[in-house]
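Protein chains: 2
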Amino acid sequence: MPAPLKVAILGCGVVGTQVARRLTEHADELASRVGTPLELVGIAVRDVAQPREGVTGTPLADLLTQDAESLVAGADVVVELMGGIEPARSLILRAIEGGASVVTANKALLAQDGPTLYAAADAAGVDLYFEAAVAGAIPIVRPVRESLAGDQVQRVLGIVNGTTNYVLDRMATDGLELEQAVKEAQTLGYAEADPTADVEGHDAAAKAAILASLAFHTRVALDDVACEGISAVTADDVAWAQRTGHTIKLLAIAERNAHDGVTGIQVRVHPALVPSDHPLAGVRGAFNAVFVEAEAAGELMFYGRGAGGAPTSSAVLGDLVSVARHRVLGGRGPVESSYAALPVLPALAARTRFQVRLAVEDRPGVLAQVAAALAEHGVSIEAVRQVAYPVPAGDGDALALLLITTHAAQESALAATVTALTDLDAVREVVSVLRVEGA
Amino acid sequence: MPAPLKVAILGCGVVGTQVARRLTEHADELASRVGTPLELVGIAVRDVAQPREGVTGTPLADLLTQDAESLVAGADVVVELMGGIEPARSLILRAIEGGASVVTANKALLAQDGPTLYAAADAAGVDLYFEAAVAGAIPIVRPVRESLAGDQVQRVLGIVNGTTNYVLDRMATDGLELEQAVKEAQTLGYAEADPTADVEGHDAAAKAAILASLAFHTRVALDDVACEGISAVTADDVAWAQRTGHTIKLLAIAERNAHDGVTGIQVRVHPALVPSDHPLAGVRGAFNAVFVEAEAAGELMFYGRGAGGAPTSSAVLGDLVSVARHRVLGGRGPVESSYAALPVLPALAARTRFQVRLAVEDRPGVLAQVAAALAEHGVSIEAVRQVAYPVPAGDGDALALLLITTHAAQESALAATVTALTDLDAVREVVSVLRVEGA
Ligand SMILES: NC(=O)c1ccc[n+]([C@@H]2O[C@H](COP(=O)([O-])OP(=O)(O)OC[C@H]3O[C@@H](n4cnc5c(N)ncnc54)[C@H](OP(=O)(O)O)[C@@H]3O)[C@@H](O)[C@H]2O)c1
Ligand SMILES: NC(=O)c1ccc[n+]([C@@H]2O[C@H](COP(=O)([O-])OP(=O)(O)OC[C@H]3O[C@@H](n4cnc5c(N)ncnc54)[C@H](OP(=O)(O)O)[C@@H]3O)[C@@H](O)[C@H]2O)c1
Numbered sequence: 001m002p003a004p005l006k007v008a009i010l011g012c013g014v015v016g017t018q019v020a021r022r023l024t025e026h027a028d029e030l031a032s033r034v035g036t037p038l039e040l041v042g043i044a045v046r047d048v049a050q051p052r053e054g055v056t057g058t059p060l061a062d063l064l065t066q067d068a069e070s071l072v073a074g075a076d077v078v079v080e081l082m083g084g085i086e087p088a089r090s091l092i093l094r095a096i097e098g099g100a101s102v103v104t105a106n107k108a109l110l111a112q113d114g115p116t117l118y119a120a121a122d123a124a125g126v127d128l129y130f131e132a133a134v135a136g137a138i139p140i141v142r143p144v145r146e147s148l149a150g151d152q153v154q155r156v157l158g159i160v161n162g163t164t165n166y167v168l169d170r171m172a173t174d175g176l177e178l179e180q181a182v183k184e185a186q187t188l189g190y191a192e193a194d195p196t197a198d199v200e201g202h203d204a205a206a207k208a209a210i211l212a213s214l215a216f217h218t219r220v221a222l223d224d225v226a227c228e229g230i231s232a233v234t235a236d237d238v239a240w241a242q243r244t245g246h247t248i249k250l251l252a253i254a255e256r257n258a259h260d261g262v263t264g265i266q267v268r269v270h271p272a273l274v275p276s277d278h279p280l281a282g283v284r285g286a287f288n289a290v291f292v293e294a295e296a297a298g299e300l301m302f303y304g305r306g307a308g309g310a311p312t313s314s315a316v317l318g319d320l321v322s323v324a325r326h327r328v329l330g331g332r333g334p335v336e337s338s339y340a341a342l343p344v345l346p347a348l349a350a351r352t353r354f355q356v357r358l359a360v361e362d363r364p365g366v367l368a369q370v371a372a373a374l375a376e377h378g379v380s381i382e383a384v385r386q387v388a389y390p391v392p393a394g395d396g397d398a399l400a401l402l403l404i405t406t407h408a409a410q411e412s413a414l415a416a417t418v419t420a421l422t423d424l425d426a427v428r429e430v431v432s433v434l435r436v437e438g439a
Numbered sequence: 001m002p003a004p005l006k007v008a009i010l011g012c013g014v015v016g017t018q019v020a021r022r023l024t025e026h027a028d029e030l031a032s033r034v035g036t037p038l039e040l041v042g043i044a045v046r047d048v049a050q051p052r053e054g055v056t057g058t059p060l061a062d063l064l065t066q067d068a069e070s071l072v073a074g075a076d077v078v079v080e081l082m083g084g085i086e087p088a089r090s091l092i093l094r095a096i097e098g099g100a101s102v103v104t105a106n107k108a109l110l111a112q113d114g115p116t117l118y119a120a121a122d123a124a125g126v127d128l129y130f131e132a133a134v135a136g137a138i139p140i141v142r143p144v145r146e147s148l149a150g151d152q153v154q155r156v157l158g159i160v161n162g163t164t165n166y167v168l169d170r171m172a173t174d175g176l177e178l179e180q181a182v183k184e185a186q187t188l189g190y191a192e193a194d195p196t197a198d199v200e201g202h203d204a205a206a207k208a209a210i211l212a213s214l215a216f217h218t219r220v221a222l223d224d225v226a227c228e229g230i231s232a233v234t235a236d237d238v239a240w241a242q243r244t245g246h247t248i249k250l251l252a253i254a255e256r257n258a259h260d261g262v263t264g265i266q267v268r269v270h271p272a273l274v275p276s277d278h279p280l281a282g283v284r285g286a287f288n289a290v291f292v293e294a295e296a297a298g299e300l301m302f303y304g305r306g307a308g309g310a311p312t313s314s315a316v317l318g319d320l321v322s323v324a325r326h327r328v329l330g331g332r333g334p335v336e337s338s339y340a341a342l343p344v345l346p347a348l349a350a351r352t353r354f355q356v357r358l359a360v361e362d363r364p365g366v367l368a369q370v371a372a373a374l375a376e377h378g379v380s381i382e383a384v385r386q387v388a389y390p391v392p393a394g395d396g397d398a399l400a401l402l403l404i405t406t407h408a409a410q411e412s413a414l415a416a417t418v419t420a421l422t423d424l425d426a427v428r429e430v431v432s433v434l435r436v437e438g439a
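Going line by line, the protein sequences match chains A and B.
So for the first sequence, full-length UniProt numbering puts the first residue at 1; every next one is plus one.
So for the second sequence, full-length UniProt numbering puts the first residue at 1; every next one is plus one.
Here it is, written out as C-alpha cells:
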C-alpha cells in the first residue's frame, strides 16, 4: 500500500464532528476503498478549550488545534467545515496552492467566490469537491456533472432548504400560520434563532447558483438568482393550494429558456404551487429533493436528507474517498466547466403559470372586466373559480373571491396585469399571486 | 486539443440508435465536456441491409458494419449495446485486452460474468462502466459506488423493472387481473411478446445482483439472488393491499443482516406490500426508483425512467464522457471492489413482516387456534382483521377471512407456520402470503 494520506479537518461543529468520528471508526473500510489509510492529522477550531460532545474525552480531542494555517500546510487533503467566507476562503486557497485536494460543504463561499476557487484548483491540478454544499446527503453534484454529462439539462426544480420545507409542511398539515410554524421549527432545532437566511430564500439561492452552474456549464453567481422567500405565504394561501390540488413548496429553479431570440438560463428561488401528484409534492418535513428534466433522460428525482451532521458527513466522506483515490491512482475528477457560458436572462423574462386570488365586488360584469384586463396584457386564463368572500368588518358590500389560474405568461406581463387589476374599481384587493410549477 | 477518440458502438437497436444519434447531434458539446472530439468510427450490427428508422438515409448508415471484431480492434472506447452473452462477452474482453475502455448496458452479461470482465479491466488498467445496466436513465451506479463510498449501506430497495411496475399499477388503478394487465403492457410495447423475464423477476434479479455487489463491496452472482416474480399476484391481493394502506411492488432487495452470528448480506426479488406513504409507493407506471438506507446518509431515493432508447442513452453517454475524460486527463474511474467479501446468507434467513390471508371456518375458537400455531413457531402477530368471506358454490359452511399482519419473522419460521396452518381443520385455505417491506 502507498503511504497514508494526511487529512486535515477545518471545523469541529455539527458536520466536522461527524466526519472526524466516521473517519476514525471506519478507518479500515475507508482504507480499503481508497487504497491507502487516511490519517487524520488535526481538526482546527476557534477554541480548543470548549467542551465538545463526542470529542472531549476521546482521542479526537488530542487532534484539536487553533492553528489552522499550520494544519493546512502539512495536509494532503483539507476538509473545510468551518463555514463563512473568511478565513475559510484563504485557507482553501492556501491548501490548493500547497498542492492539497480540498473537500468543502461551504455553499455560501462557493456561491460567492466559486470561480476563484475553481480556477485556483485548475491551476494547481488538484480536486475541489463539494457534494455536501447543495443538498446535504443527496448525491446531486456528482449525478448532474458526471451522470448527465452526455445529456442536456432543460430544467432543475429543487426543494433544497429543509427548514422552509418543514415550515410549509406544518402549515399544510395543521393549518398553522407561518410565524407559528417557524417557532415550532426553532424549538425542534430545524430553524436557527435568526431564521432569515432560510425563510427569505438566501440559503436556497446559494444552492440554486451552484446547481445552475453545474447543470448548464455556465458561471452563475449569487447575484444572478432572483430570490423571493416564503415570508409572504399565509395559512390561507396554503389552504387554497390544497383545495385546488396543489402543495406550496419553496423551489430553487434553473431552466434553459429563450427570450427576445436569445437562448439563456434563468435562475430563481420562490414559493410555488406544485400539483399534488408531482413527485416533489410528496417531499415532506426536513427532506430535500432535486427534480431534473433532461433532454434524453427525461424526468429524474434525487431525494434524501438535506442537512444534519450525520447525513452531511456522508456526502463529505464520499468526496473525501474520491479525491483521496485520485491521489493514490493518479488523475483528477471532472473540473468545473463553464464552456457553455449561457447568458443569464432577466427575472422578468421567466414564463410560468400563475394562480391569482382577487377580492372583488359581487355583482355582474366584474369577471368580464377582470378577464379583459388580463387579455389586454396577453395573459390567458386557464380556469376561474368564484366563491363567497368573508365581508370585512364595517364594510357592507358583498364580496366574492375570484381564483384565477392562468396559462404560462411572462412574469413581466403578469406584473403589469396585477397593477392593472389593482386599479379596477371592482377589485377590492389582489389577495395573492403565486406561481405554479411542475405541471 | 488532444487527438479525437475513436468510439465504436456494438448494436444499433433501441439504445444503440439513440446513442449514435446523440453522439452526432451533440458532437460539439460532448467535445467540450471531454476535452477532445469523440469520433464515431462504426456501428456493428447483424444485418447491414436491414432498414433502420433514424439511421437509413442518414450519414449514420455509412458507419454500419457486420465486422464487429475489426471495429473493436481499432477503437479507443467500445460501447456495447448488442445485449446477450455471446458475442458481447468476447468482444468486450477483446476490447479490454486491446486497451480500449468499455461502456455497456448489458445487465444479463454483468450479472452472469461480471467478475471476469472486471478482472480483465483491472489487469489492462482500463475503465469498464455500466450505469445503464441497472435502472436505465437513473444515476444509481455512480452514486452508490462513489457518493456513498464514505458511508455504510444497510439496505437497498429497488423498483427496477418498469414492465412489472406498470402491470401492478394497472391492477391497482383499474382492478385488472395480471393476465389482462400484461396483455395491455404488450399492446403498448412495455412488455415483450414473451414476458417471462420481466414477470418472473429474472430481469430484476440481474439488477439486484449488480446493485448488491456495488453496495456491499462483495461479489454477488445471479445464483445468489432468491427470486420470485409477480405471476402469483392476484387482483384480490392488490385490492387487499390497498384496503390495508399498502401498494404491491416488485422489489429488488439487498440488505446487510446477521444470521446465526454471521454478518452477511441477503439479496432477493419478490413482490411486497409497501406502505402507501413510503416514497416507493408513489412510483407509477414505467418509472423506476431505488431507495437506499445508509448508516450516515439515512434514506435516499433515486427516481426516473428505467428503460427506453433515449433515457438509456443518457446513462450510456454519461459513462462515455467519463471514460473518455479519463483517457484525455489520465487516471481511471473507481474499480469494482469486493474487499468486504461478505457471505451471502440463505434466503430462508431473511426476516420480514408478512401479511397472511386465511379462509377459515366462521366459529368461535378459530382465531385462538391460528394464533397458537403462529406462536408455536415464534411468529408474533401485529394485527388481525376478520371479515366475511364469500362462500364457495356447493359449500354450505360460513367462512371468514382472517387477515393477519405479523411482526418481523424469519422466512423459515413463516414457511413452517404456513404448513402448520394448512394442516389445521378450521383453516380452509391459505389464500395468500405476502411480505411487507419499507415500514
Ligand atoms: N449543519 C448542516 O446540516 C450542514 C449541511 C450542509 C452543509 N453545511 C455546511 O457545512 C459547514 C459547517 O457547518 P456546521 O453546521 O458544522 O457549522 P458549525 O456547527 O457552526 O461548526 C463550525 C466549526 O468551525 C469552527 N470555526 C469557525 N470559524 C473558525 C475559525 N476562524 N478558525 C477555526 N475554526 C473555526 C468552529 O470552531 P468552534 O467550535 O471553536 O467555534 C466550529 O467547530 C458550513 O459551510 C455549512 O454551510 C452544514
Ligand atoms: N431497451 C432498453 O430500454 C434498455 C434499457 C436498459 C438496458 N438495455 C440493454 O441494452 C442492450 C441493448 O438493448 P436494445 O434494447 O437496444 O437491444 P436491440 O434493440 O435488440 O438491439 C440489439 C442490436 O445489437 C445488434 N446485434 C445483436 N447481436 C449481434 C451480433 N451477434 N453481432 C452484431 N450485432 C448484433 C442487433 O443487430 P441487428 O439490428 O442487425 O439485429 C441490434 O442492432 C441490452 O444489453 C439491454 O439489456 C436496454
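Think of the CB as a built atom: it goes at the ideal place given N, C-alpha and C, for glycine as much as any other residue.
Just so we're clear, the structure is a prediction, and the values are computed from it rather than from any experiment.
When secondary structure is reduced to three states using DSSP, A/Gln154 falls in the strand class.
Along the length of the segment 284-357 of chain A, whole alpha helix (DSSP H) runs at least 4 residues long occupy 309-329, reported in chain order. Counting of Cβ neighbours within 10 angstroms places A/Ser101 among the buried residues, the total reaching 16 or more.
The alpha carbon of A/Glu192 has as its nearest neighbour, out of A/Thr163, A/Ile210, A/Asp169, the alpha carbon of A/Thr163.
The contact set of B/His326 on chain A, defined by CB atoms closer than 8 Å, consists of Gly331 in chain order. In this structure, DSSP gives B/Ala135 a helical state, which the three-state scheme calls helix.
Scanning A/Ile92, A/Val78, A/Val77 for the CA closest to the CA of A/Gly84 turns up A/Ile92. The straight-line gap separating the alpha-carbon atoms of B/Phe287 and B/Pro275 is approximately 18 Å.
Cβ-Cβ distances below 6 Å link B/Ala439 to Pro275 in the same chain, with the five nearest sequence neighbours on each side left out; the list follows chain order.
Approximately 5 Å separates the beta-carbon atoms of B/Tyr389 and B/Ala359; this is inside 8 Å, confirming the contact.
Between B/Arg351 and B/Ala409, the C-beta gap is smaller than 8 Å, which places the two residues in contact. At least one heavy atom of ligand 2 falls within 7 Å of the beta-carbon of B/Gly136.
Considered as a whole, the UniProt domain "ACT" (355-435) of chain B harbours 381-389, 399-406 as its complete beta strand (DSSP E) runs of no fewer than 3 residues, in chain order. For the pair B/Ile138 and B/Glu437, the CB atoms are not nearer than the 8 Å cut-off. Proximity of A/Tyr129 to chain B, defined by a Cβ-Cβ separation below 8 Å, is not satisfied. By the criterion of a C-beta distance shorter than 7 Å, B/Arg219 is surrounded in its chain by Pro115, Ser213, Ser338, once the five residues flanking it on both sides are discounted.
Listed along chain B are Ala149, Gly150, each with a C-beta nearer than 7 Å to that of A/Val321. The beta-carbon distance between A/Ile9 and A/Leu38, rounded to whole angstroms, is 11 Å. This is too long to meet the 8 Å contact definition.
Taking C-beta atoms as the reference points, B/Ala206 and B/Ala111 count as a pair closer than 8 Å. Going by beta carbons, A/Gly378 and A/Ala413 fall inside the 8 Å limit. For A/His270, the three-state secondary structure derived from DSSP is strand. About 16 Å separates the CB atoms of B/Leu148 and A/Gly306; that is not less than 8 Å, and the two are not in contact. At a beta-carbon threshold of 7 Å, the residues of chain A lying near B/Phe302 are Phe302, ordered along the chain.
Judged by beta-carbon spacing, B/Leu403 lies within the 8 Å limit of B/Gln355, meaning their Cβ atoms are closer than that value.
In this chain, A/His278 is not harboured by any alpha helix (DSSP H), its DSSP state being neither H nor E. For B/Pro311, the nearest beta carbon of chain A is closer than 8 Å to its own beta carbon.
In the structure shown, the three-state DSSP call for B/Asn165 is helix.
Under a 10 Å Cβ-count criterion, A/Ser313 is classified as buried, with 16 or more other Cβ atoms of the shown protein chains found around its own Cβ. Taking the Cβ of A/Gly114 as the reference point, every heavy atom of ligand 1 lies at 7 Å or farther away. Taking A/Gln186 as the centre and dropping the five residues before and after it, the same chain places the C-beta of Glu192, Ala193, Pro195 closer than 8 Å to its C-beta, in chain order.
Contacts with chain A at 8 Å (Cβ-Cβ) include B/Ala137.
Relative to ligand 2, A/Thr164 has its C-beta separated by 7 Å or more from all heavy atoms.
For A/Glu293, no chain B residue has a Cβ inside 8 Å of its Cβ, as the nearest lies near 10 Å away.
Distances from the CB of A/Lys107 to the heavy atoms of ligand 1 include at least one below 7 Å. At a threshold of 7 Å, B/Arg351 does not count as near ligand 1, since its beta carbon sits no closer than that to any of the ligand's heavy atoms. A/Gln66 sits away from A/Arg89, with the two beta carbons spaced by 8 Å or more.
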